[in-house]
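Engineer: Those protein sequences? They're chains A and B, same order as listed.
Read left to right, the first sequence gives residues 3 to 259 (the numbering used here).
Read left to right, the second sequence gives residues 3 to 259 (the numbering used here).
We put the CB at the ideal spot given by N, CA and C, even for glycine.
These numbers come from a predicted model, not from an experiment.
Right, I'll just put the structure down here and ask away after.
Protein chains: 2
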Amino acid sequence: MTAKIGTRGQRGRSSATGGVPPRNIVLAALLGTQYKRILPKLEHVTLRGGQTLYRAEQEIEHVYFPEEAVVAMIDSLDDGRTVEVGIIGREGIVGLNIFLGGVVTPDKALVQLAGGAMRMSAKDLRTELRFGSPLQLLLLSYARTFLAVISQSVACSQHHGIEQRVARLLLTLDHYAGSAEFSMPQASIAALLGVRRAGVSEAASHLRAQGLIAYRRGLTGVLERRDLEKRSCECYRFIRRQYAAFQSDLPRVLGRG
Amino acid sequence: MTAKIGTRGQRGRSSATGGVPPRNIVLAALLGTQYKRILPKLEHVTLRGGQTLYRAEQEIEHVYFPEEAVVAMIDSLDDGRTVEVGIIGREGIVGLNIFLGGVVTPDKALVQLAGGAMRMSAKDLRTELRFGSPLQLLLLSYARTFLAVISQSVACSQHHGIEQRVARLLLTLDHYAGSAEFSMPQASIAALLGVRRAGVSEAASHLRAQGLIAYRRGLTGVLERRDLEKRSCECYRFIRRQYAAFQSDLPRVLGRG
DNA sequence: GCTCATTCGTGCGGTAGCGGACAGACTCGC
DNA sequence: GCGAGTCTGTCCGCTACCGCACGAATGAGC
Numbered sequence: 003m004t005a006k007i008g009t010r011g012q013r014g015r016s017s018a019t020g021g022v023p024p025r026n027i028v029l030a031a032l033l034g035t036q037y038k039r040i041l042p043k044l045e046h047v048t049l050r051g052g053q054t055l056y057r058a059e060q061e062i063e064h065v066y067f068p069e070e071a072v073v074a075m076i077d078s079l080d081d082g083r084t085v086e087v088g089i090i091g092r093e094g095i096v097g098l099n100i101f102l103g104g105v106v107t108p109d110k111a112l113v114q115l116a117g118g119a120m121r122m123s124a125k126d127l128r129t130e131l132r133f134g135s136p137l138q139l140l141l142l143s144y145a146r147t148f149l150a151v152i153s154q155s156v157a158c159s160q161h162h163g164i165e166q167r168v169a170r171l172l173l174t175l176d177h178y179a180g181s182a183e184f185s186m187p188q189a190s191i192a193a194l195l196g197v198r199r200a201g202v203s204e205a206a207s208h209l210r211a212q213g214l215i216a217y218r219r220g221l222t223g224v225l226e227r228r229d230l231e232k233r234s235c236e237c238y239r240f241i242r243r244q245y246a247a248f249q250s251d252l253p254r255v256l257g258r259g
Numbered sequence: 003m004t005a006k007i008g009t010r011g012q013r014g015r016s017s018a019t020g021g022v023p024p025r026n027i028v029l030a031a032l033l034g035t036q037y038k039r040i041l042p043k044l045e046h047v048t049l050r051g052g053q054t055l056y057r058a059e060q061e062i063e064h065v066y067f068p069e070e071a072v073v074a075m076i077d078s079l080d081d082g083r084t085v086e087v088g089i090i091g092r093e094g095i096v097g098l099n100i101f102l103g104g105v106v107t108p109d110k111a112l113v114q115l116a117g118g119a120m121r122m123s124a125k126d127l128r129t130e131l132r133f134g135s136p137l138q139l140l141l142l143s144y145a146r147t148f149l150a151v152i153s154q155s156v157a158c159s160q161h162h163g164i165e166q167r168v169a170r171l172l173l174t175l176d177h178y179a180g181s182a183e184f185s186m187p188q189a190s191i192a193a194l195l196g197v198r199r200a201g202v203s204e205a206a207s208h209l210r211a212q213g214l215i216a217y218r219r220g221l222t223g224v225l226e227r228r229d230l231e232k233r234s235c236e237c238y239r240f241i242r243r244q245y246a247a248f249q250s251d252l253p254r255v256l257g258r259g
């Protein structure tokens, strides 16, 4: 039952100085259009797990284009209870609100899985957006995707049980994780789902008993994606479909950039 | 206990042919900029309660700028269970996805309170957006507001009880309703919150017992806003704050249109 | 090898909300 | 005035999850 859990793998990181194609797919989509111009404004950073990128209601300084890193957008209530409203990996952008004309973020952004990301200052992004076209359209399209995903999250937290949601989350993290295992203690899962850690414990041990996942002391891995998807709620597939549509729609969106 | 509930009031409606300032605040914000040009493309319609404006995954034909009408965006799961992800009245727009470059809507749009709305064809909106500036910025800002609201909805459905959420919903409807009472059977409330009607029945009779609301046979009215707000979750205030910020931010947003 | 912080399993009583169901009350149409 | 349809109140057993709490296992640091 401890299969596959051991030393964690970490892939090499790309350089910001060109040559290597960007790992973040939003940036990759800009290859051949704006990418060369914005490249100097991009900076490569390594995000640590647990790092807070944004605090709620605070001014945003940078937008992030994750590579291996995975970031959660988290909404906190007055009494301190939390819930995740979106998981962002190499298919997305952290800092959508800047693009949407805002200055602050309503949510907290917390790094879930350590790894590399490219970032750009909010100021540069605003300047860049004046040049308009490709980046603008891309971000509009991403906003649409994100809106659909978060909308599904409302239904998910209303109607789906803990075990299904744990399965969904682990599938999502596994999808973005560069390695077979990733660091994710049950307490973090509980905070993301907005439930008790004890509830996560029960769900996780149940999934482990069926051989779908493996974990020990915060190191978690998905063993059987297919079967785990069956245990997950429809939301995982829904979200994947949204991101797939986002990507396959890019040619149309950027068509006459 | 049946105070104030009787014949329902309905205010007069504005004409699309100019003169009268628009009742939808997004349109109103365009006065002096784009409004005159887009006016001929706007059409006044009266929306019936229960009317479906969009079905999920269906192509959007019109965007709506509600006046007295109130529309709910509803997410449905495979098993038919539903939940509301946003209530849109005269402060908003139905059809954000078109603006965001989409063609279809992920959610269903269902008219909750009958009333007037202006509408524009999706095609005209797309054309209009090419001219850019004011409308574009306005919609970006609205998208940001909507994102914050829906994000709070996730936390709300995860952490708040039925009674609090019923209070929140009724406050919201009352805010948009032109009349003191509005038509809203418990079954509809239950569908919006994604809970059993029986649960709504208990919550509502509890609130009524305290004299905060009144209702009979689908006709509901808020009697004591202040006290009802205390019974509601923080989400109501949060949402009001977002919309207030949206409005007070309009000068900045449109500043150099 | 021992210590200590972290992580995980588990148990208990309590509760909110579920699914299903039914009866009473009201209202509209005829 | 009557029947049909709608809306609301309520009841049942049941499950999922809560809040709280404690002990055991693990692994990292010394």
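Please list the terminal residues of the continuous alpha helix (DSSP H) segment that includes Leu171 (chain B).
Structural biologist: Segment Ile164 to Tyr178, the alpha helix (DSSP H) holding Leu171 (chain B).
Engineer: Using 10 angstroms around the beta-carbon of Val105 (chain A), count the other beta-carbons present and answer buried if the total reaches 16, otherwise exposed.
Structural biologist: Val105 (chain A) should be labelled exposed.
Engineer: What span of residues does the beta strand (DSSP E) with Arg25 (chain A) cover, start to end?
Structural biologist: Segment: none, Arg25 (chain A) is in no beta strand (DSSP E) and carries neither H nor E.
Engineer: Measure the CB-CB distance between Ile90 (chain A) and Val96 (chain A) and report whether it falls below 7 Å.
Structural biologist: For Ile90 (chain A) and Val96 (chain A), yes; Cβs fall inside 7 Å.
Engineer: Could you work out which residue in B:Gly51, B:Met120 and B:Asn26 is closest to Pro42 (chain B) when comparing CA atoms only?
Structural biologist: Closest by alpha carbon: B:Met120.
Engineer: CB-CB under 7 Å to Leu137 (chain A), same chain, minus the five flanking residues each way: which ones, in chain order?
Structural biologist: Within the same chain, Leu137 (chain A) has close Cβ partners Leu32, Gln36, Glu130 and Leu131.
Engineer: Pull up the DSSP beta-bridge partners for Glu86 (chain B), would you.
Structural biologist: B:Ile76.
Engineer: Shorter than 7 Å from the beta carbon of Gly196 (chain B) to some beta carbon of chain A?
Structural biologist: By this cut-off, Gly196 (chain B) is an interface position.
Engineer: Quick one: residues in its chain with C-beta nearer than 7 Å to the C-beta of Gln249 (chain A), no 5 flanking neighbours on either side, listed in chain order?
Structural biologist: Answer for Gln249 (chain A): Ile27, listed in chain order.
Engineer: Measure from the C-beta of Ser143 (chain B) to each C-beta in chain A and report whether the shortest distance is under 7 Å.
Structural biologist: Yes - at least one Cβ of chain A is within 7 Å of the one on Ser143 (chain B).
Engineer: If distances are taken between C-alpha atoms only, which option among A:Leu79, A:Glu61 and A:Ala179 comes closest to Ser123 (chain A)?
Structural biologist: The residue with the shortest Cα to Cα distance from Ser123 (chain A) is A:Glu61.
Engineer: Taking the alpha helix (DSSP H) that Ser181 (chain A) belongs to, which residues open and close that run?
Structural biologist: Element bounds for Ser181 (chain A): n/a, residue is neither H nor E.
Engineer: What do you get for Glu69 (chain B), buried or exposed, if any count of 16 or more other CB atoms within 10 angstroms of its CB means buried?
Structural biologist: Its Cβ being crowded by 16 or more others within 10 Å, Glu69 (chain B) is buried.
Engineer: In whole angstroms, what is the alpha-carbon distance linking Tyr245 (chain A) and Val22 (chain B)?
Structural biologist: Whole-angstrom Cα-Cα distance: 44 Å.
Engineer: Identify which residue in A:Arg218, A:Ser159 and A:Tyr217 has its Cα closest to the Cα of Ser234 (chain A).
Structural biologist: Answer by Cα proximity: A:Ser159.
Engineer: One question on the structure: do Asp109 (chain B) and Ser153 (chain A) come within less than 7 Å of each other, judged by their Cβ atoms?
Structural biologist: Yes.
Engineer: CA-CA distance, Leu194 (chain A) and Ile241 (chain B)?
Structural biologist: Answer to the nearest angstrom: the Cα atoms are 22 Å apart.
Engineer: Judging by CA-CA distance, which residue of B:Val47, B:Arg228 and B:Gly163 is the nearest neighbour of Gly201 (chain B)?
Structural biologist: Taking only the C-alpha atoms, the option nearest Gly201 (chain B) is B:Gly163.
Engineer: Is the separation between the beta-carbon of Ile100 (chain A) and that of Val47 (chain A) shorter than 7 Å?
Structural biologist: Contact: no.
Engineer: Does DSSP classify Ile276 (chain B) as helix, strand or coil?
Structural biologist: Because chain B here runs from 3 to 259, residue 276 (chain B) falls outside it and cannot be looked at.
Engineer: According to a CB-to-CB cut-off of less than 7 Å, which residues of the region 100-122 of chain B neighbour chain A?
Structural biologist: For the region 100-122 of chain B, which is checked against every Cβ of chain A, the residues closer than 7 Å are Leu102, Gly103, Gly104, Pro108 and Asp109.
Engineer: Compare the beta carbon distance of Asp77 (chain A) and Ala157 (chain B) with 7 Å and say whether it is the shorter of the two.
Structural biologist: Yes, they are a contact pair.
Engineer: Quick check: is any heavy atom of the ligand FMN less than 6 Å from the C-beta of Asp81 (chain A)?
Structural biologist: As presented, the structure is devoid of all ligands, the ligand FMN included, so that no description of it is given.
Engineer: Who are the Cβ neighbours of Arg83 (chain B) in its own chain at under 7 Å, not counting the five residues just before and after it?
Structural biologist: For Arg83 (chain B), where only same-chain residues beyond five positions count, the Cβ hits under 7 Å are Gly196.
Engineer: Going by DSSP, which residues form a beta bridge with Val113 (chain B)?
Structural biologist: B:Val73, per the DSSP bridge assignment.
Engineer: Can you look up Ile241 (chain A) in the DSSP assignment and give me helix, strand or coil?
Structural biologist: Correct three-state label for Ile241 (chain A): helix.
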